[in-house]
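Data first, discussion second: the structure below is written as structure tokens.
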Amino acid sequence: MGDFSPGAVSGSSNEDNLDKMIKHQEKMFALSIKAEMAKSQHDMNMSISRKLGEAGQKA
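Each residue of the sequence shown is one higher than the last, beginning at -15 in the numbering used here.
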């Protein structure tokens, strides 16, 4: 019985660590999605400005 208690404690701390890892992974995933969206927005804006610049030169 004395051996069981520490096992249960380490088991719960493993679950806590797992929860922390999962939350961290979710946060990193959300950040990578945000970065990807910002990059596409930037690419789109650059494309629009390029087209506006070309249109301005033609006018």
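We treat Cβ as the ideally placed atom computed from N, Cα and C, and that holds for glycine.
Next on the checklist: Closer than 8 Å to a non-hydrogen atom of the ligand SAM - does that hold for the CB of histidine 26?
Outcome noted: The ligand SAM is not part of the structure shown, which contains no ligands of any sort.
Checklist entry - Which value, in whole angstroms, describes the spacing of the CA atoms of methionine 46 and lysine 11? => result An answer regarding residue 46 cannot be provided, because it is not within the stretch -15 to 43 covered by the chain.
Checklist entry - For aspartate -13, which three-state DSSP category applies? => result For the purposes of this step, residue -13 is taken as the residue at position 3 of the sequence shown. Here the model assigns aspartate -13 a pLDDT of 49, short of 50, so the residue's position is not dependable, and the following value carries that caveat. Three-state DSSP puts aspartate -13 in coil, outside helix and strand.
Item to check | Beta-carbon contacts of asparagine -2 that lie in its chain and below 8 Å, excluding the five residues immediately before and after | outcome: Working through the sequence shown from its first residue, we reach residue -2 at position 14. Closer than 8 Å at Cβ, skipping near neighbours: no residue.
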